[in-house]
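Trainee: Before anything else, here's the structure in question.
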Amino acid sequence: MRVYNTLSKRKEEFVPLTPGKVKMYVCGPTVYNLIHIGNARPMIVFDTVRRYLEHKGYEVNYVSNFTDVDDKIIAKANEEGVSSKEISERYIAECKKDMEAMNVRPATTHPLATQEIGGMVEMIQILMDKGYAYNVDGTVYFRTRKFREYGKLSHKNLDDLRSGNRSLLVTGEDQKEDPLDFVLWKPKKEGEPSWPSPWSDGRPGWHIECSVMSKKYLGEEIDIHAGGEDLIFPHHENEIAQSECCNGKPFARYWLHNAFLNIDNRKMSKSLGNFFTVREISEKYDLQVLRFFMLSAHYRSPLNFSADLMEAAASGLERIRNTVSNLAYIKENNRAEASAAANLTGNGDGTGKKSSEKQNDSSVAAGMDGSGIDSGRLEESEQEILAGAKAFEAKFDEAMDDDFNTADAIAAIFELVKYANSHLTSENSPELIGTVRDEIVGLCDILGLIVEEKEELLDADIEALIAERQAARKARDFARADEIRNQLAGQGITLLDTREGVKWKRA
């Protein structure tokens, strides 16, 4: 398996630090509002990377943080007249709902920055003791020039940054030794949350947070660090500087970054009126369509979001689902017919069937469920069909082994779908049909795509669950209320809390 490493700017063979295990850190969102579809891309992409690594047999320790102390969170809290903690907790809960609806699995650990302040103070002190950081009136800065490899991830030169990119410089230049030195700790301002430290009551800089959380939950050296390409500089560059100066060893072996998401060929912006939250998209589409759309392009390629492309993604996903549904129908009908034939004929030989066909019927009567198959029980023609289907599984793995090329992996699934539609009929055995169907479902599952039909809830059942949710909220049993909402979301039911009451609609 080869992955593109931003650090070396080339594809490299993936070799984990510990055989069979992968330590992976992905920068999570700053939680001051509902997540937008730009946030969704790294969530979906690196969840898929994790799933594929697990498919390959690796044990993955996957850590993704929530930044729950930040200027934007504080501004939102002041705007609403509530605490920063209330804002962050609210939007962490909302983020987790959207992640579940996109079938993004929870991380092994979701650390919160505010719960790791002690570790941040400790790391900053180590950097000061080693001469990599200095205190000016309660603000602690990192000496970028003291780390000679600064710029190795972003491939930027410090002198060029200083002379030609003034927008990249941090404010407060007059009190810093160098304009490119960045903040590790800053004193509190009026109305801001703060924590004690040897330098001032204040809060950490953004960059130190991820260095500390990665070290605590994964160790001083990790296999994969990932995030959006907007984080390469300065965030990930600064993480490397802090971590390697503190720990004295390489921080991460492989750096993976997804490209930007544009809206109708323009950068997403509230001022342009093309800013969409995941929740807004869920009101128009099943979020499995959003996931399918995100994976239809290679993660390092810029992705353009548009209504036309989402409709195309919906059609593509529906094509796969229809095939899976059709194969399930044929399989069950064939099973029923075979069982009926076996009951009518008993052990006699008056059916006029070949011995191989009798063998297939007896296999069905014995209760095989299609999850596994002994190809020796199939006729030679069916063994050939099965071998042909398995070839697409190999193409899928080949695509994913090449820097997680989900676009080509999906193409392999479509080829398998076309193959199944052209080679499988009601004349085939339930075992063969079930195995090919399970192969399609299994490959989609590796990508986090749900293609099996779920039993549709009746309107009355939905109303009953909504009533139960309302009762739970009234009783302040918010855990149960969230559980019901997530259950309905999993069934494609979107709830809208309005002044007139709870409204719902099917995706």
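Start counting the sequence shown at 136; every next residue gets the next number (this note's numbering). Ideal placement from N, C-alpha and C gives every residue a C-beta, glycine not left out.
Go ahead and label His647 buried or exposed: buried means 16 or more other beta carbons lie within 10 angstroms of its beta carbon, across all protein chains shown.
Mentor: The structure shown has nothing for residue 647, since the chain only spans 136 to 642.
Trainee: Does the segment 234 to 248 come into contact with the segment 199 to 207, if we say contact requires no fewer than three beta-carbon pairs (one atom in each stretch) closer than 8 Å?
Mentor: In short, these stretches touch, since the Cβ pair count reaches three.
Trainee: For Ala387, which residues does DSSP report across the bridge?
Mentor: Looking at the DSSP assignment, Ala387 forms a beta bridge with Ile357.
Trainee: If you draw a straight line from the alpha carbon of Gly254 to that of His190, how long is it in whole angstroms?
Mentor: Approximately 34 Å between the Cα atoms of the pair.
Trainee: Which residue's Cα is closest to the Cα of Gly354: Arg456, His370, Leu578 and Ser378?
Mentor: Taking only the C-alpha atoms, the option nearest Gly354 is Ser378.
Trainee: Leaving out five residues on either side along the sequence, give the residues of the same chain with a beta carbon under 6 Å from the beta carbon of Leu582.
Mentor: Excluding sequence neighbours, Leu582 sits near Thr183 and Leu430.
Trainee: If I follow the unbroken alpha helix (DSSP H) through Met178, where does it start and stop?
Mentor: That run of the alpha helix (DSSP H) goes Ile172 to His190.
Trainee: Tell me the DSSP secondary structure of Ser557 in three-state form.
Mentor: Ser557 falls in the helix class under three-state DSSP.
Trainee: Any idea what DSSP makes of Pro151, helix, strand or coil?
Mentor: Note: Pro151 maps to coil in three-state DSSP.
Trainee: Decide yes or no for the touch test of the segment 345 to 353 against the segment 144 to 162: beta carbon pairs closer than 8 Å, at least 3 of them.
Mentor: Contact holds: three or more Cβ-Cβ distances are below 8 Å.
Trainee: Looking only at its own chain, which residues have a Cβ that is under 8 Å from the Cβ of Asn540, when we skip the five neighbours before and after it?
Mentor: Same-chain partners within the cutoff: His433 and Ala534.
Trainee: Starting from the Cα of Glu372, find the closest Cα among Trp320, Asp532 and Asn292 and give me that residue.
Mentor: Nearest option by C-alpha distance: Asn292.
Trainee: Can you tell me which of the three DSSP states Gly408 falls into?
Mentor: Coil at Gly408, not helix or strand.
Trainee: Mind checking which residues open and close the alpha helix (DSSP H) that includes Phe527?
Mentor: Taken as a continuous stretch (DSSP letters only), the alpha helix (DSSP H) holding Phe527 covers Glu515 to Asp536.
Trainee: Please state the DSSP three-state secondary structure of Lys321.
Mentor: Of the three classes helix, strand and coil, the one that applies to Lys321 here is strand, per DSSP.
Trainee: Should Lys311 go down as buried or exposed, given a rule of 16 or more other Cβ atoms within 10 Å for buried?
Mentor: Its Cβ being crowded by 16 or more others within 10 Å, Lys311 is buried.
Trainee: If you check the beta carbons only, do Phe395 and His171 fall under 8 Å apart?
Mentor: No, the Cβ-Cβ distance between Phe395 and His171 is not below 8 Å.
Trainee: Can you give me the C-alpha to C-alpha distance between Arg641 and Ile359, rounded to a whole angstrom?
Mentor: Their backbone Cα atoms lie some 38 Å apart in a straight line.
Trainee: Could you tell me the distance, in whole angstroms, from the CA atom of Ser491 to the CA atom of Ser516?
Mentor: Here the model assigns Ser491 a pLDDT of 38, short of 50, so the residue's position is not dependable and the matter cannot be decided.
Trainee: Around the Cβ of Thr165, are there at least 16 other Cβ atoms within 10 angstroms (buried) or fewer (exposed)?
Mentor: Looking at its Cβ environment, which holds 16 or more other Cβ atoms inside 10 Å, Thr165 is buried.
Trainee: Could you check where the alpha helix (DSSP H) with Glu215 kicks off and where it finishes?
Mentor: Asp206 to Glu215 is the span of the alpha helix (DSSP H), which, as asked, contains Glu215.
Trainee: For the segment 329 to 384, which segments carrying the beta strand (DSSP E) assignment without a break, of at least 3 residues, lie completely within its bounds, in sequence order?
Mentor: Listed in chain order, they are 337 to 339 and 357 to 363.
Trainee: Classify Gly451 as helix, strand or coil using the three-state DSSP reduction.
Mentor: Helix, per DSSP.
Trainee: Within the chosen definition, does the segment 565 to 573 reach the segment 459 to 470 through at least 3 CB pairs nearer than 8 Å?
Mentor: With the cut-off at 8 Å, the segment 565 to 573 and the segment 459 to 470 touch.
Trainee: Alpha carbon to alpha carbon, how far is Asn457 from Gly340? Give it in angstroms, no decimals.
Mentor: Their Cα atoms are separated by approximately 50 Å.
Trainee: In the DSSP assignment, find the unbroken beta strand (DSSP E) run with Ala268 in it and report its ends.
Mentor: Where Ala268 is concerned, the enclosing beta strand (DSSP E) stretches over Ala268 to Val271.
Trainee: Quick check: Ala175 and Leu513, are their CB atoms within less than 8 Å of each other?
Mentor: No, these two residues do not count as a Cβ contact at 8 Å.
Trainee: Looking at the unbroken alpha helix (DSSP H) that takes in Asp632, where does it start and where does it end?
Mentor: No alpha helix (DSSP H) contains Asp632, which is instead part of the beta strand (DSSP E) from Ile628 to Thr633.
Trainee: Cα-Cα, which of Lys231, Arg185, Asp399 and Val571 is closest to Phe440?
Mentor: Nearest C-alpha to Phe440: Asp399.
Trainee: Evaluate Arg401 with the Cβ neighbour count: other Cβ atoms within 10 Å of its Cβ, from every protein chain shown; 16 or more gives buried, anything less gives exposed.
Mentor: Exposed.
Trainee: Using the DSSP secondary-structure output, state which residues sit across from Arg641 in a beta bridge.
Mentor: Arg641 pairs with Ile628.
Trainee: For the beta strand (DSSP E) containing Met258, list its first residue and its last residue.
Mentor: Per DSSP, Met258 belongs to no beta strand (DSSP E); it is in the alpha helix (DSSP H), Ile252 to Asp264.
Trainee: Is the beta carbon of Arg604 closer than 8 Å to that of Ala616?
Mentor: Yes, these two residues count as a Cβ contact at 8 Å.
Trainee: Figure out for me which residue from Glu574, Asn168, Ala544 and Tyr167 has the closest Cα to the Cα of Gly523.
Mentor: Checking every option, the nearest Cα to that of Gly523 belongs to Glu574.
Trainee: Considering only residues of the same chain and omitting the five flanking positions on each side of Val275, which have a CB-CB separation below 6 Å?
Mentor: Contacts found: Ile259, Ala268, Leu319, Trp320 and Trp334.
Trainee: Beta-carbon within less than 6 Å of Leu631's beta-carbon, same chain only, minus the 5 sequence neighbours each way: which residues are those?
Mentor: Same-chain partners within the cutoff: Lys638.
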